[in-house]
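*Asks:* The following block contains the structure, expressed as structure tokens.
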Amino acid sequence: MTAPPPPRFPTPTRLTPFTQFTGPQYFLLAGSFLIPLGSFAVLPFMSVLLHERLGMELGTVGVVLAVASFVQFSGGVVGAALAERVGLRRTMLLALVIRTAGFAAFLPGLSRPTWAVVALFLVSVGAALYLPANKAYLVTGVTEDRRAPLLSASSSALNAGIALGPIAAAPFVLTASAGLFTAVTVLFALITAGHAVLPGAPTATDPQPTSATNPQPTPETHPQPPQQAHPQPPQQAPLKADRRRPDATPPSRLLPFAITVLSVYVFMFFQHYLALYAVGRTSTYFYGLVLALYALLLVVTQPLLSDWIARLPFPRALRIGFTALAAGMAALALGHPAAILGGALLICVGEIVLFLKNDLEALSRSDRSPAVVFGRQRLAAGIGAFASGIAGGEGYAWADRADNVGLFWLAVAAQCALLPPLLLRALRGRRR
26 MTAPPPPRFP
36 TPTRLTPFTQ
46 FTGPQYFLLA
56 GSFLIPLGSF
66 AVLPFMSVLL
76 HERLGMELGT
86 VGVVLAVASF
96 VQFSGGVVGA
106 ALAERVGLRR
116 TMLLALVIRT
126 AGFAAFLPGL
136 SRPTWAVVAL
146 FLVSVGAALY
156 LPANKAYLVT
166 GVTEDRRAPL
176 LSASSSALNA
186 GIALGPIAAA
196 PFVLTASAGL
206 FTAVTVLFAL
216 ITAGHAVLPG
226 APTATDPQPT
236 SATNPQPTPE
246 THPQPPQQAH
256 PQPPQQAPLK
266 ADRRRPDATP
276 PSRLLPFAIT
286 VLSVYVFMFF
296 QHYLALYAVG
306 RTSTYFYGLV
316 LALYALLLVV
326 TQPLLSDWIA
336 RLPFPRALRI
346 GFTALAAGMA
356 ALALGHPAAI
366 LGGALLICVG
376 EIVLFLKNDL
386 EALSRSDRSP
396 AVVFGRQRLA
406 AGIGAFASGI
416 AGGEGYAWAD
426 RADNVGLFWL
436 AVAAQCALLP
446 PLLLRALRGR
456 RR
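Structure (structure tokens):
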């Protein structure tokens, strides 16, 4: 009588991790697409609404948008503290209630500037509270090797929503504003109701669920070999060892925060000023093509590269990311349409590597809860964006007055090349 054949398991592929998420994780990933889709159907047109429809001065509009952006980023620290106190699901629910109220307040805000400003700040506060709790819910209780697929899928869904939101809303934002705001309010109300039935987030000690369609090997199906007579002592994780070595890489917990500040600082020059630079040298249609290809590369590539990015040593990831940013900014300085497109795609590569790796590194180096880690990362992003806004406006104006805006992009490229090693050296000096 022949023995039954051993159980066969599906051959893992690059997409296998993305088929093993839980139901709540899939729901949150869908929300990561729908929430920015609704938000960016409205928010990119705020300057038009406040200035052209409500008659605000441009200087006032700039102050309102700058403060709202800073609240949205830096408020993540408050969101993280709230999540630790009342729980991740309750924090997400509160954030979505506030955000839904904000979009509803835009309806009277179509004719009253005060209501419009209040609505914008409610939406910003809701985003600040929601994002750290959302990311923390995704990764709490999962093994470290599954964090990269989850965070990369969340980032891709978010960027897809950001890319499609303005396109979907453009025909309606000025001609049917009330209908647009009503639709966005209803969308957020439905998303809020879905979050209300989510289970509580698992704890770090909870067993990990496995996919029914992708069963995992268990001790029963794969018996362990007999124990060796003299087992080797378990090796310590490299990160723990690095923390205890006096010559380790600069301060474990400060490094990802500082690198995030720097990454967002140099990246936001591109985010803020590419439209002003590219449209004048090409056309709005070409600029739209650049944005579409950028979003497509980001959405498709980051999940596929997430496992590779997770395995990259942090110093090598920094070299790859900042080199891509520097090369992309230098290419923009040429001003040719092909150079603008190529530069934008190189910058996208830098974003793919740096932003995901910074979050993964911050999680692995911290002993605090994921909500606190992501709140700090949002604060770092807010500091970087704020500094970039202050430096970028004056820098671009100076280059424009000199009739050579290419110098602006060369200056940004030089910062991408020079600031990372200077920052690392400063952190090493601080450690010593």
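Note that the sequence shown covers residues 26 to 457 in the numbering used here. Every residue gets a Cβ at the ideal spot worked out from N, C-alpha and C, and that includes glycine.
(1) To the nearest angstrom, how far is the alpha carbon of histidine 361 from that of alanine 161?
(2) Evaluate aspartate 231 with the Cβ neighbour count: other Cβ atoms within 10 Å of its Cβ, from every protein chain shown; 16 or more gives buried, anything less gives exposed.
(3) Nearest CA to the CA of alanine 451: which residue from Ala182, Leu215, Ala442 and Ala283?
(4) Look at the alpha carbon of alanine 148 and the alpha carbon of alanine 66, and state the distance between them as a whole number of angstroms.
(5) Which same chain residues, not among the five before or five after threonine 217, have their C-beta less than 7 Å away from its C-beta?
(6) Cβ atoms of glycine 367 and glycine 346: under 7 Å apart, would you say?
(7) Going by other Cβ atoms of all chains shown within 10 Å of its Cβ, with 16 needed for buried, is glutamate 169 buried or exposed?
(8) Apart from the five residues on each side of it in sequence, which residues of its chain come closer than 6 Å, Cβ to Cβ, to glycine 48?
(9) For valine 198, which residues of its own chain have a beta-carbon under 7 Å away from its beta-carbon, when the five flanking residues on both sides are left out?
(10) Could you tell me the distance, in whole angstroms, from the CA atom of alanine 144 to the CA atom of threonine 116?
(11) Span of the alpha helix (DSSP H) holding valine 315?
(12) Output yes or no for whether 7 Å exceeds the beta carbon distance between alanine 356 and alanine 349.
(13) Please work out which residues of its chain come closer than 7 Å, Cβ to Cβ, to alanine 254, disregarding the five sequence neighbours upstream and downstream, and give them in chain order.
(14) Consult DSSP for leucine 447 and reduce its assignment to one of helix, strand or coil.
(15) Could you round the C-beta distance between glycine 407 and phenylalanine 95 to whole angstroms and report it? I think they count as a contact, below 8 Å.
(16) Are the CB atoms of glycine 225 and arginine 114 nearer to each other than 7 Å?
(17) Between leucine 132 and arginine 344, what straight-line distance do the alpha-carbon atoms span, to the nearest angstrom?
(18) Only counting the same chain, and skipping five residues up and downstream in sequence, which positions put a Cβ closer than 7 Å to that of alanine 130?
(19) At what residues does the alpha helix (DSSP H) containing proline 196 begin and finish?
(20) Cβ atoms of asparagine 184 and valine 324: under 7 Å apart, would you say?
(21) Indicate the three-state DSSP secondary structure (helix, strand or coil) for histidine 361 in the structure shown.
(22) Relative to the C-alpha of threonine 285, which candidate in Thr309, Ala201, Leu330 and Glu386 has its C-alpha closest?
(23) Does the Cβ of threonine 235 have 16 or more other Cβ atoms within 10 Å, making it buried, or fewer, making it exposed?
(24) For valine 289 versus alanine 369, is the C-beta distance shorter than 7 Å?
(25) Indicate the three-state DSSP secondary structure (helix, strand or coil) for arginine 278 in the structure shown.
(26) Could you name the residues of the same chain whose beta carbon sits closer than 6 Å to that of threonine 105, not counting the 5 residues immediately before and after it, in chain order?
(27) Given this structure, state the Cα-to-Cα distance separating glycine 420 from valine 291, to the nearest angstrom.
(28) For leucine 223 versus leucine 62, is the C-beta distance shorter than 7 Å?
(29) For asparagine 429, does the count of other Cβ atoms within 10 angstroms reach 16, so buried, or fall short, so exposed?
*Replies:* Reading it off the structure:
(1) 42 Å
(2) Confidence is the limiting factor: at aspartate 231 the pLDDT is only 42, short of 50, which leaves the residue's position unreliable, though a coordinate-based value still follows. Aspartate 231 should be labelled exposed.
(3) Ala283
(4) It is worth fixing the name first, because residue 148 is valine in this sequence and not alanine. Computed Cα separation, rounded: 13 Å.
(5) Leu118, Leu121, Val122 and Thr125
(6) no
(7) exposed
(8) none
(9) Phe70 and Leu205
(10) 20 Å
(11) 309-336
(12) no
(13) With a pLDDT of 42 at alanine 254, under the threshold of 50, the predicted position of this residue should be treated as unreliable, and no value is reported.
(14) helix
(15) 6 Å
(16) yes
(17) 48 Å
(18) Trp140, Val143, Ala144 and Leu147
(19) Neither: proline 196 is in no alpha helix (DSSP H) and is coded neither H nor E.
(20) yes
(21) coil
(22) Glu386
(23) In this prediction, threonine 235 has a pLDDT of 39, which is less than 50 and means its spatial position is unreliable; nothing more can be read from the coordinates.
(24) no
(25) coil
(26) A small correction: the amino acid at residue 105 is alanine; threonine does not occupy that position in the sequence shown. So the qualifying residues of the chain are Pro157, Ala396, Val397 and Gly400.
(27) 13 Å
(28) no
(29) exposed
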